[in-house]
Amino acid sequence: MPREIPRISRRNVLVGAGATVALSGIGLRLPSAYASTLAIGDASLQVVSDGNLVLPMGFLLPDRSKDEIDALLVPHGMATDRVEPACNLTLFRTGDRLVLFDAGAGQNFQPTAGRLGESLEAAGVDPSQITDVVFTHAHPDHIWGVLDDFDEPVFADARHWISQAEWDFWRADDTLSLMPQERKSFVVGARNRFDAIEEFVTFLKPGDMPVPGVEAVDTNGHTPGHVSFMLHGGTDPVLVTGDAITHSVISFERPDWEIGSDQDRAQGAVTRTALLDRLAADKAAIVGFHLPYPGIGTVERAGAGYRFAPA
Ligand SMILES: [Zn+2]
1 MPREIPRISR RNVLVGAGAT VALSGIGLRL PSAYASTLAI GDASLQVVSD
51 GNLVLPMGFL LPDRSKDEID ALLVPHGMAT DRVEPACNLT LFRTGDRLVL
101 FDAGAGQNFQ PTAGRLGESL EAAGVDPSQI TDVVFTHAHP DHIWGVLDDF
151 DEPVFADARH WISQAEWDFW RADDTLSLMP QERKSFVVGA RNRFDAIEEF
201 VTFLKPGDMP VPGVEAVDTN GHTPGHVSFM LHGGTDPVLV TGDAITHSVI
251 SFERPDWEIG SDQDRAQGAV TRTALLDRLA ADKAAIVGFH LPYPGIGTVE
301 RAGAGYRFAP A
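In the UniProt record's numbering, the protein residues as written are 1 to 311.
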């Protein structure tokens with residue numbers, strides 16, 4: 001029963017009373033609510049928080065001047081030196097399936113992330129109830145959370161779905177050597193998780209439906225095998241975007257700006273612009289993984305770009 005062994009970890013500290021006060025000094029922000037829900041026909045969607053990341057602005061916009069960044073973000077009252085994106089995981093209940101999109105960061109990526117376990121508990125969900133874990137891509141904040149503190153699979157009863165192209169990219173012989181030094185840990189971390197979950201994995205490709213009503217949509221660019229997922233069943237579909245869209249202002253007002261966290265920056269911009277155009281035309285709702293919690297809203301045209309309209 002390794003998961004019941006008492007252990008002094010950040011997670012244990014967090015669930016104690018007064019955690020907000022005790023941890024406010026390290027930039028931890030507790031979402032105002034742990035969950036947000038949306039009905040999609042007979043199915044339902046619930047956003048659970050994995051906490052947030054803290055990243056220098058240069059990680060997102062390495063090619064933009066301070067003046068350009070100030071001009072875009074200051075009118076929104078946003079910090080210009082760093083971003084603190086939320087990590088919004090989507091739970092989807094349909095028929096006898098309970099689907100989790102992405103698995104969060106786990107305990108080894110950033111101290112402000114890795115809080116999925118608490119959020120699931122608050123939502124009344126035991127990890128053993130999840131039937132399917134569906135990945136948008138294999139970056140640390142999306143896949144490292146498949147392993148617990150003891151490097152055991154958290155969702156050992158679930159089928160794990162990932163795009164074949166994504167798996168092949170991280171497993172390719174030259175990926176580690178070609179990856180910039182500061183992101184080599186992403187490769188090592190992804191491979192380590194792949195090894196641990198391989199027996200539960202089924203590959204998918206764009207157009208496939210891993211779960212009835214869940215359609216994989218090609219949104220490559222952020223990573224080579226990045227996929228988003230359209231949830232059908234209601235009158236209007238909902239797109240779980242993953243990281244095809246990452247920032248509530250930058251991605252929408254300047255979708256053409258190349259983003260440093262995209263593996264293929266040019267393709268990322270092309271994919272993002274095309275996706276926003278389609279979402280605005282379709283008036284489809286989205287769940288944005290890194291948009292302000294819970295990340296549910298719609299896309300509207302605004303001037304030469306777009307605007308995120310939170311639900
Ligand atoms: Zn991400």
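The beta carbon of each residue, even a glycine, is placed where N, CA and C say it ideally should be. As the structure is a prediction and not an experimental result, all values here were calculated from the model.
- Assignment of P255 by DSSP, reduced to helix, strand and coil, places it in the coil class.
- DSSP, reduced to helix, strand and coil, places V99 within a strand of the structure shown.
- Contact holds between the region 40-51 and the region 83-99, because three or more Cβ pairs, one in each stretch, are under 8 Å apart.
- A straight line joining the alpha-carbon of D96 with that of M209 spans about 16 Å.
- Within the model, the alpha-carbon separation for S185 versus L147 is close to 16 Å.
- Taking all protein chains in view, the Cβ of F150 is surrounded by fewer than 16 other Cβ atoms within 10 Å, so the residue is classified as exposed.
- DSSP, read as helix, strand or coil, puts M57 in helix.
- Residue burial annotation: G295 is buried, with at least 16 other C-beta atoms found within 10 angstroms of its C-beta.
- Here the alpha carbon of F200 sits roughly 8 Å from the alpha carbon of D157.
- A direct Cα-to-Cα measurement between L53 and D282 gives close to 31 Å.
- Relative to ligand 1, the nearest heavy atom lies less than 7 Å away from the CB of D141.
- Exposure of S65 is indicated by the presence of fewer than 16 other C-beta atoms within 10 angstroms of its C-beta.
- One alpha carbon belongs to E182, the other to H137, and they sit about 19 Å apart.
- Under DSSP, A309 forms a beta bridge with T298.
- A280 and A196 have their C-alpha atoms some 39 Å from each other.
- Note that the C-beta distance between A244 and A285 is not below 8 Å.
- When the Cα atoms are used, D173 and V240 turn out to be separated by approximately 30 Å.
- Exclusion of the five residues before and after R254 leaves L72 and G305 as the residues of its chain whose Cβ lies within less than 8 Å of its Cβ.
- Between Y293 and the set V48, I40 and N108, the nearest pair of CA atoms involves V48.
- Nearest neighbour of W167 by Cα position, chosen from R272, V134 and F229, turns out to be V134.
- Taking C-beta atoms as the reference points, H76 and V249 count as a pair closer than 8 Å.
- In terms of Cα proximity to V299, the closest of G288, F289, E121 and L276 is L276.
- Considering only F203, L176, L100 and S163, the residue with the shortest C-alpha distance to F155 is L100.
- Following the DSSP letters along the chain, one finds N88 inside the beta strand (DSSP E) bounded by residues A86 to T94.
- Under the 10 Å beta carbon count, G104 is surrounded by 16 or more other beta carbons and is classified as buried.
- At a threshold of 7 Å, H226 does not count as near ligand 1, since its beta carbon sits no closer than that to any of the ligand's heavy atoms.
- At least one heavy atom of ligand 1 lies closer than 7 Å to the C-beta of H290.
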